[in-house]
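Structure record follows, encoded as structure tokens.
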Amino acid sequence: MRGRRVQPRPLQRCSEEAGSATVVAVGVIAGTVLVTAAVLAGCVVLVGHQRSIAAADASALAAADVASGLLPGEPCAAAGRVARAGGATLSRCELEGGVASVEVTVAVGPLPLAARSRAGPPEGGLGSPP
């Protein structure tokens, strides 16, 4: 029994586009990673901004409650305690006619995010119907 004679195949030249799918795939993956990182960074900043707003609102309410006599103490000290409890730093606290104006700062990495809030005594005072 005789074997078949194997004919060597002629060498094929690679086209200039051979291997370009790898380069395209790497580019798509790198682009996806960059977009994902940018979206995550934006989300972190957004959450930090919301934290600063919440801390400013709570601090202003605490200062207004103390200023109106609902709670004992010094209004700006109460605002500072509430700001620290919310992960913020009290930057400014002013009282004018029972209305507290505060500014707090929350650090998100190297970025300081500030928020302001005002609060005053409740309308109608204590015990008034809603």
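All residue numbers for the sequence shown refer to UniProt numbering, where the first residue is 1 and numbers rise by one.
Don't be surprised by glycine CBs; every beta carbon is placed ideally from N, CA and C.
Please read these numbers as outputs of a predicted model, since none were measured by experiment.
Whole-Å CB distance - Val104 paired with Ala114, under 8 Å assumed: On the sequence shown, residue 104 is found 104 positions in, with the first residue counted as 1. On the sequence shown, residue 114 is found 114 positions in, with the first residue counted as 1. The Cβ separation is near 7 Å, so the contact holds.
By DSSP, does Ala115 sit in helix, in strand, or in coil? By one-based count along the sequence shown, residue 115 stands at place 115. In the structure shown, Ala115 sits in a strand (DSSP, three-state: E or B).
Quick check on Ser59: does DSSP put it in helix, strand or coil? The sequence position of residue 59 within the sequence shown is 59, counting from 1. Three-state DSSP puts Ser59 in a helix.
Please state the DSSP three-state secondary structure of Ser68. As a first step, residue 68 is located in the sequence shown; it is residue number 68 there, counting from the start. Three-state DSSP puts Ser68 in coil, outside helix and strand.
Three-state secondary structure assigned by DSSP to Ala78: For the purposes of this step, residue 78 is taken as the residue at position 78 of the sequence shown. DSSP places Ala78 in helix when its eight states are reduced to three.
Can the beta-carbon of Arg88 be found less than 8 Å from the beta-carbon of Pro75? Taking the sequence shown and counting its residues from 1, one reaches residue 88 at position 88. Taking the sequence shown and counting its residues from 1, one reaches residue 75 at position 75. The displayed chain sequence assigns Ala, not Arg, to residue 88. The answer is no: Cβ separation not under 8 Å.
Quick check: what's the CA-CA separation for Gly98 versus Arg116? To locate residue 98, count along the sequence shown from 1; it is residue 98. To locate residue 116, count along the sequence shown from 1; it is residue 116. Taking the straight line from one Cα to the other gives about 17 Å.
So, is Cys43 buried or exposed, given that buried needs 16 or more other C-beta atoms within 10 angstroms? Within the sequence shown, the letter at position 43 stands for residue 43. When all chains shown are included, Cys43 counts as exposed.
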